[in-house]
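Heads up: the sequence lines are chains A and B, in that order. So the first sequence is numbered by my numbering: it starts at -1 and just counts up by one. So the second sequence is numbered by my numbering: it starts at -1 and just counts up by one. Glycine is no exception: its CB is placed at the ideal position from the N, C-alpha and C atoms. From a predicted model like this one, the values you see are computed outputs, not experimental measurements.
Number of protein chains: 2
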Amino acid sequence: MTAKLMVELGERSYPIHIGEGLLDEAELFRAHVTGRTAAIVTNETVAPLYAQRLAATLERAGAACLRIALPDGEAFKTWETLNRIFDALLAAQADRRTVLVALGGGVVGDLTGFAAATYQRGIAHVQVPTTLLAQVDSSVGGKTAINHPLGKNMIGAFHQPSAVVVDTATLASLPPREYVAGLAEVVKYGAIHDVKFLDWIEDQADLLARRDAGALAHAIRRSCEIKAAIVAQDERESGVRALLNFGHTFGHAIESAAGYGKWLHGEAVAAGMAMAARFSVRQGRARSSEADRLVALLARFGLPVRPPDFDRRVWLEYMGRDKKNEAGRITLVLLERLGHAVVAKDTSMPELEAFLGSP
Amino acid sequence: MTAKLMVELGERSYPIHIGEGLLDEAELFRAHVTGRTAAIVTNETVAPLYAQRLAATLERAGAACLRIALPDGEAFKTWETLNRIFDALLAAQADRRTVLVALGGGVVGDLTGFAAATYQRGIAHVQVPTTLLAQVDSSVGGKTAINHPLGKNMIGAFHQPSAVVVDTATLASLPPREYVAGLAEVVKYGAIHDVKFLDWIEDQADLLARRDAGALAHAIRRSCEIKAAIVAQDERESGVRALLNFGHTFGHAIESAAGYGKWLHGEAVAAGMAMAARFSVRQGRARSSEADRLVALLARFGLPVRPPDFDRRVWLEYMGRDKKNEAGRITLVLLERLGHAVVAKDTSMPELEAFLGSP
C-alpha cells in the first residue's frame, strides 16, 4: 500500500510517496523528469544495488540519465566530493533544467541537495532515500549541507526537493548498525512531539527491531507526517523547527569531535538525546522517570546512550559553534515531558559545564 | 549629494545608497549591523585603503567587527578562497546573526555573497563595492558565485544583500585598467535598454574617461536604476533578466578559456558585446551602423573589441556550458537595435560556427 503525504510550502510544496517497490514506479517520477536530463547521484555501496533499476525507471519516465557514484560515508560529506558532482555535470554540459536524483542515505541526500542548490545557482532535485534515517528525516525538509572540520553541516542551503520517493523495500539491504541508527530519529519524533507515537514505538519495539514491514510502514509514515507538519510551519528554522534538533547539539559535537564517520549520525543523536534528557532533569524541567524511559527505549534498540569521554573544553568548543546559538549563548532543545520539547536559549553555562564534567 | 534607490523584491527589498564619502556614514549601516558581529570581507589590495575606516563606521553603528582579507583577483574566486571565509567565521564562533560586509570589487562581492548564502545555511550581507564594475553591476541583484575550471560562475546562489552602499569616492583609488573595464557594463545598460542613456554616454565620454564626479554620479545612478528595475521584474532570471547577460556568453568563454584573471571581466564583456553586436548584424537582426556605433564607443574608452584567437572548438565548448542554454542549444542575447536587446534561443549552430571561424 502506498501513502502520499504533502509538505505544504506554498509554491514549494511537494509530495512524499511511501511504499514498497516504488523504485520501479515511473509515474511517481514522470512530472519531475520528463524531457530532462536526470543525474542519479549515489554512492559506491548503493549503486550496485539500485542504480540500474532507478535509471530504467527514470528512462521509462522520459528522462535521459547520467550516473554519478560518490565514495560512501560521512567522512566524504565534503567540498571535494561535492565538486565531483559539479565536474560530472559540467563535463556533460548539464543545463539548468537538469534534475538531480539522490539515491542513498543522508550523506548522499545532503550532498545532492546542496549540489542542486548551487549548480548554476539552483536546479531541481528528487530525493530517493534508501536508509531508514534518510527515509524518516534527512530526505524531507530541504536542509542540505556539507561538513566543515570545525563543525557538522556548517556550509549548506535550504533547498526543497521536488518530491521524495521512499521505497521501504530498500531497507532490506541496510546493514543492522545503519538500520538501528535510523530508529533513533523515529524515537525522536515521539519524544519531542507525540507521546502516543512513543507509546506505540515501545509496544512495537520487537517488531521494529526485526524490520516488520507493517510496523515499519507506520513508523516511517508517522515520522514523515510529524516532520512535514513542523517544516510547513517553519521552513527556515526561525522557531519551532529547532525542536527537530533534539539531541543534535550534543550529537553534532560527538560526530565532529570524534572524526566524521566514527559515530553514525543516528548513534550520535541517540547519545545526544540521552544527554539532553538527563540535562533536562538536572535543570528541573523534566522528571527523571521521563528521561529514564527515553534512555531505556534507545538502549533496547541497541543504541548508545553514553557519550564518548571528551574533555569538557572539547564539548564547549564544538557546541559553541552550533547553528542554533545566538550572541555567544548555547541554545539547547530540552524536554518538559515526553512528547513535549522546548527550545531553551537561557541555558546556564556554569550548569552546562558542570553537567559536561559528569554527563 | 546622496541618492537612494530601492530594489523592489517584496520582503527581500533593499536600498542602494550612492554618494561620496558614504564609507563614513554609520547611519546607513545601523539597521543592518547593530547588536551583531559584522565581518568585513575584503582583499589584500583594498584592505589597507578602506578596511580601517569601514570598521570604525561599523563599530559606531553598534557592531563588533571581524576582518577577513582574501587574495586579490579573479583567479582566486574559488572554493579554496571561499573556505578561508568559513574558517575565519567558525574560528570566531560566528553565529547566524552575523552579517558579512563585502568591501571590494566583483570578486569580493561574489565570494562574500556566496559565503553569506551558505554559511550555516544563510546569513545576511551588505555590499560595499569599491570598483566601478561592482558599483554599477555585480553588487546589485543577488547573484553570487565562484568559478569552476570548466566555467565562470558555475557554482553559486541567488542571495540578495540587505543593502548596497556605493561610496563613489573609492573610485579615485582604482587603477585605470579596472576603471575602464567598469565602463563596459555602463555602456551595456545603454545598449540593451536605453538608447538615450547611450547618447548621454557618448556625449559625456571624455568626462567619464577622466572620472568627472558629476558624470560618474549620473552614470552609476542610471546604471543601478536600470539594473534594479530589471531584477525587480525577474529576480531569478527566468526571462528578462537574461538581457543583462548581453556580451557575457562570449565574454565568459573568453575569461574561462584564457585563464581566470588574464582578461578583466569588463574587458571580456566589451569584446563579447562587440561580438554579439556583429553576430546580430550577421543574423539580419540589427543594422551594421548600430554595431559600428557600439564598437566605436567601447574602443573610444580603450576597451578591447576583438576577441582572442581561440579555436572554434574552444568557443563552442565553453559557450556550450553557459547557464542560459537549454536542451543543448546555445542561448544568446542579441541586439535588434541600440537600446533594445532580445534573448535568442533559436541560434543556428552552423551560422554561429561560421561566425566563430571569423568573428
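In the DSSP assignment, A/M(-1) falls outside any beta strand (DSSP E), carrying neither H nor E. Residue environment analysis places A/P46 among the exposed positions, since fewer than 16 neighbouring C-beta atoms fall within 10 angstroms of its C-beta.
Only those residues of the stretch 84 to 106 of chain A whose C-beta falls short of 8 angstroms from the nearest C-beta of chain B are listed: F84, D85, L88, A89, Q91, D93, R94 and R95. Annotation: B/I14 is outside any alpha helix (DSSP H); the continuous beta strand (DSSP E) that includes it extends over Y12 to G17.
When secondary structure is reduced to three states using DSSP, B/G264 falls in the helix class. Taken in chain order, the members of the stretch 151 to 167 of chain A whose beta-carbon sits within less than 7 angstroms of a beta-carbon on chain B are M152, I153, G154, A155 and F156.
The C-alpha of B/F156 lies about 9 angstroms from the C-alpha of B/A143. For B/A89, there are no CB contacts under 6 angstroms within the same chain when 5 residues up- and downstream are skipped. Contact between B/T116 and A/G154 holds, with the beta-carbon distance rounding to 6 angstroms and staying under 8 angstroms.
In this structure, the alpha-carbon of B/T55 lies about 11 angstroms from that of B/T32. For B/E183, the uninterrupted alpha helix (DSSP H) run begins and ends at P174 to H191, by DSSP.
Within the same chain, and ignoring the five residues on either side of B/Q231 in sequence, the residues whose Cβ sits closer than 6 angstroms to its Cβ are V238.
Close CB contacts of B/D70 within its chain, under the 7 angstroms cut and outside five residues either way in sequence, are with N41, E42 and T43 (chain order). For the stretch 11 to 92 of chain A, the full-length alpha helix (DSSP H) segments reaching 4 residues or more read 24 to 31, 50 to 58 and 77 to 89 along the chain. Boundaries of the beta strand (DSSP E) harbouring A/K141: K141 to H146, taken from the DSSP string. For A/D290, the uninterrupted alpha helix (DSSP H) run begins and ends at S286 to R298, by DSSP. When Cβ pairs closer than 8 angstroms are counted between the two stretches, the stretch 286 to 303 of chain B is seen not to touch the stretch 316 to 328 of chain B, the count staying below three.
Contact annotation: B/L109 and B/A100 have beta-carbon atoms nearer than 9 angstroms.
Distance from the Cα of B/T96 is smallest, within the candidate group B/A61, B/A339 and B/A294, for B/A61.
The stretch 88 to 118 of chain B contains, as complete alpha helix (DSSP H) runs of 4+ residues, the segments 104 to 116 (chain order). The CB of B/L148 comes closer than 9 angstroms to the CB of F84, D85, L88 and A89 in chain A, given here in chain order.
Listed by position along chain B, the residues whose Cβ is nearer than 7 angstroms to that of A/N323 are D93. The DSSP-derived three-state label of A/D204 is helix. Taking 7 angstroms as the upper bound on Cβ-Cβ separation, chain B lies near no residue of the stretch 274 to 289 of chain A.
Comparing C-alpha distances from A/V193 to each of A/A268, A/P147, A/L295 and A/F353 shows the shortest one belongs to A/L295. Bounds of the alpha helix (DSSP H) holding B/V312 are R310 to M317. Secondary structure note for B/F353: its alpha helix (DSSP H) is the uninterrupted segment M347 to G355. Around the beta carbon of A/K2, fewer than 16 other beta carbons lie within 10 angstroms, which makes this residue exposed. Looking at the DSSP output, B/V238 shares a beta bridge with no other residue.
Taking all protein chains shown into account, A/P305 has 16 or more neighbouring C-beta atoms within 10 Å of its C-beta and is therefore buried.
Among the bridge pairs identified by DSSP, A/V138 is matched with none. Taking each of A/G107, A/I38, A/A49 and A/E72 in turn and checking the Cα distance to A/A86, the smallest one comes out for A/I38. If you draw a straight line from the Cα of A/Q158 to the Cα of B/V185, it comes to about 39 angstroms. Taking the Cα positions, A/A339 is about 7 angstroms away from A/A189.
Between the alpha carbons of A/A207 and B/N151 lies a distance of about 48 angstroms. Taking 9 angstroms as the CB threshold, A/T55 stays off the interface with chain B.
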